[in-house]
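To keep things clear, I will list the structure first and then write my remarks on it.
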Amino acid sequence: VMVIADLPKDEQERHALFEHVSLIAGLQLTDLDLLLTEFASTPTEPIPVVSHLPYDRAIHLAIETKTMPGFFLQTSSLRQYPVPTLSLSHVLGYVGKLSVDELDQLAEQNYRPIDSIGKNGIEKSAERQLRGTAGERIIEVDARGRELSVVSKTDPIPGQDVHLTIDAGFQSFIETRTEELFFKTHTSRASIVALNPKTGEIYALVSLPAYDNNDFAKGIDAETFQQLLSDKDKPLFPRAVAGEFPSGSTLKPFIAYAALAERLITEHTSFISTGGLRIGDWFFPDWKAGGHGVTDVTKAIAESVNTFFYIIGGGYESFTGLGVEKLSMYAKKFGFGSTTGIDIAGEADGFLPTKAWKEETKNERWYVGDTYHLAIGQGDFLTTPLQMASATGIIANNGIRNQPHLIQSDTILPGESIEGLDVTALNIVQNGMRQTVLSGSARSLQVLPFATAAKTGTAQSPGSERYLSWFTGFAPFDDPEIALAIIVEEGGESTEAAVPLARDILSWWFVSRPTE
Numbered sequence: 029v030m031v032i033a034d035l036p037k038d039e040q041e042r043h044a045l046f047e048h049v050s051l052i053a054g055l056q057l058t059d060l061d062l063l064l065t066e067f068a069s070t071p072t073e074p075i076p077v078v079s080h081l082p083y084d085r086a087i088h089l090a091i092e093t094k095t096m097p098g099f100f101l102q103t104s105s106l107r108q109y110p111v112p113t114l115s116l117s118h119v120l121g122y123v124g125k126l127s128v129d130e131l132d133q134l135a136e137q138n139y140r141p142i143d144s145i146g147k148n149g150i151e152k153s154a155e156r157q158l159r160g161t162a163g164e165r166i167i168e169v170d171a172r173g174r175e176l177s178v179v180s181k182t183d184p185i186p187g188q189d190v191h192l193t194i195d196a197g198f199q200s201f202i203e204t205r206t207e208e209l210f211f212k213t214h215t216s217r218a219s220i221v222a223l224n225p226k227t228g229e230i231y232a233l234v235s236l237p238a239y240d241n242n243d244f245a246k247g248i249d250a251e252t253f254q255q256l257l258s259d260k261d262k263p264l265f266p267r268a269v270a271g272e273f274p275s276g277s278t279l280k281p282f283i284a285y286a287a288l289a290e291r292l293i294t295e296h297t298s299f300i301s302t303g304g305l306r307i308g309d310w311f312f313p314d315w316k317a318g319g320h321g322v323t324d325v326t327k328a329i330a331e332s333v334n335t336f337f338y339i340i341g342g343g344y345e346s347f348t349g350l351g352v353e354k355l356s357m358y359a360k361k362f363g364f365g366s367t368t369g370i371d372i373a374g375e376a377d378g379f380l381p382t383k384a385w386k387e388e389t390k391n392e393r394w395y396v397g398d399t400y401h402l403a404i405g406q407g408d409f410l411t412t413p414l415q416m417a418s419a420t421g422i423i424a425n426n427g428i429r430n431q432p433h434l435i436q437s438d439t440i441l442p443g444e445s446i447e448g449l450d451v452t453a454l455n456i457v458q459n460g461m462r463q464t465v466l467s468g469s470a471r472s473l474q475v476l477p478f479a480t481a482a483k484t485g486t487a488q489s490p491g492s493e494r495y496l497s498w499f500t501g502f503a504p505f506d507d508p509e510i511a512l513a514i515i516v517e518e519g520g521e522s523t524e525a526a527v528p529l530a531r532d533i534l535s536w537w538f539v540s541r542p543t544e
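Here this note's numbering = 1-based position in the sequence shown + 28.
See below:
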């Protein structure tokens, strides 16, 4: 049901008309009054009064509107998302009616109150491509708004098709497998990003739990919306691109690269891990009781030896470490602390702590212990799953960064080398990640019929007693096609959740994926 401001001027006649329309359309009279007040700034534009009328009401109104000045029926379209997986809702987004603010902002672009607009996801970022151009029909009407003749007509121009890089079967498998993992581990939140490091194409972008974007496209009811808002797991939150988490040990390959590139260490430099380091009254532990013994950089990555990274990050005794400034500088080279530029809205930029930030926000100076925590991906450092996948893709692609994206394009932009790329340092890091699978914390990936490189991690999330379970890696090792980042919130050790999930995901892509 539409209304245009060609309404009776007499107040009693107008009130009677509104009562009559409200009764037939199933509206509250106050809702109709508020609607017309809200859109008073666009008196010449048709305003949608109610959508999705039941058939019996529509037939009744089709007859009645002939004697109801200002009101008329119009057939409209409804966006439907026949997708196999709810997690695609975060990718696709949904369309909805324009708010008054949106209408004011977009008035010059010929948007009208009746139009729909992309609210988030691809629907929002590709709005201009998808929308097309509205047609126009100028008609002559009589004093009661009834059509007499068509003066002119301009046909509409359809919008462009948009093709995504997402593999729907892959996305669906990951969602199903992750929900099975939830049942086994008593968890309920996870993020998975799989991309091609050579092109930046994103094959899967999974945020769980998710929601059904069809609910929004057809006009979500207040009860359903409130249930989504009050859900403690925040199903509306696109955690794969907007969730910010401590990385735990998945940051260590990047710290190793920094120390190698700065010539603080070589691949043969070794330190002895005896279980941790003591600085004054503070003890910074290894995860393994008694330590890991003599450790070089390859072993440090493979076995995730904290002591090694404490030393190269913050220094110890006569060895001078990188320090917080250089740790941050190298982290930025791989994209941490800033958005990746993915082609959907809402991406978070993570967080790189600095001395100045701590002094300003916490009124405390920066201690060597803060540097130690940063060097192992703890403390105040935060990253998104998308950032981690993108950064891992840089390692996989020999230091070349490609823009992560979801919309396919005929034009493939060339990748860019990270600033000051040290190929030798990067090769050592790649071998360390390969060794993680051969002898380290991701040995269960040896069952895969192709060579894989990886880094696992566990991180303590504020306010939670259970660890974040992390995995990042790439495959095949010699010619990477996939860079993968996984986080299972409150999943415990990486071997309990993230690594088994990574094994199944990689197996599907390289072994079980249907061939065209």
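We treat Cβ as the ideally placed atom computed from N, Cα and C, and that holds for glycine.
Only a predicted model underlies this, so the values are computations on that prediction, with no experimental measurement involved.
Per-residue DSSP class, three states only, for residue i
| i | result |
| --- | --- |
| L62 | helix |
| K7 | Given that the chain is displayed from residue 29 to residue 544, the structure contains no residue 7 and the question cannot be resolved. |
| V119 | helix |
| M96 | coil |
| Y358 | helix |
| P313 | strand |
| I510 | strand |
| T323 | strand |
| A503 | strand |
| F198 | helix |
| E272 | coil |
| S127 | coil |
| G351 | helix |
| K147 | coil |
| T161 | strand |
| I142 | coil |
| P36 | coil |
| S540 | helix |
| R91 | For the record, residue 91 in the displayed sequence is Ile; it is not Arg. It is helical. |
| S235 | strand |
| E207 | helix |
| P76 | strand |
| S105 | coil |
| T215 | coil |
Contact belief for residue i with residue j at Cβ below 8 Å, rounded distance in angstroms
| i | j | result |
| --- | --- | --- |
| V325 | A284 | 5 Å |
| D195 | Y231 | 5 Å |
| V190 | L158 | 6 Å |
| I533 | A162 | Not quite, the Cβ-Cβ distance comes to about 43 Å (not below 8 Å), so this is no contact. |
| M461 | I329 | 6 Å |
| K125 | S277 | With a Cβ gap of about 47 Å, K125 and S277 do not count as contacting. |
| S332 | G319 | Incorrect: roughly 12 Å between the Cβ atoms, too far for contact. |
| P381 | G341 | The Cβ separation is near 13 Å, so there is no contact. |
| F347 | F379 | Incorrect: roughly 28 Å between the Cβ atoms, too far for contact. |
| H118 | P266 | 4 Å |
Strand pairing of residue i, partner residues [DSSP]
| i | result |
| --- | --- |
| E229 | H433 |
| T411 | F273 |
| Q546 | What the structure shows of the chain is the stretch from 29 to 544, and residue 546 is not part of that stretch, so it cannot be assessed. |
| Y344 | F347 |
| F379 | L410 |
| L57 | None, per the DSSP bridge assignment. |
| F299 | T323 |
| R306 | F311 |
| S445 | I428 |
| L192 | I435 |
Contact check, residue i vs residue j, beta carbons under 7 Å
| i | j | result |
| --- | --- | --- |
| A376 | A511 | no |
| L57 | F46 | yes |
| A513 | M416 | yes |
| L101 | A90 | yes |
| L414 | A268 | yes |
| T213 | G427 | no |
| E521 | T486 | yes |
| A419 | G363 | yes |
| A53 | V29 | yes |
| F99 | V49 | yes |
| L305 | T335 | yes |
| Q436 | G369 | no |
| G160 | G121 | no |
| E295 | I456 | yes |
| E175 | I167 | yes |
| G421 | L279 | no |
beta-carbon residue i near the ligand GTP non-hydrogen atom, thresh 6 Å
| i | result |
| --- | --- |
| E493 | The ligand content of the structure shown is nil, which means the ligand GTP is not present either. |
Is it true that the region 388-401 meets the region 238-245, where meeting means three or more beta-carbon pairs spaced less than 8 Å apart? no
I'd like to know if the region 176-191 and the region 527-541 are in contact, where contact means that at least 3 CB-CB pairs between them fall below 8 Å. no
Count Cβ pairs between the region 101-112 and the region 253-271 that sit closer than 8 Å; are there 3 or more? no
Is the region 461-481 touching the region 432-442, taking contact as three or more C-beta pairs under 8 Å? no
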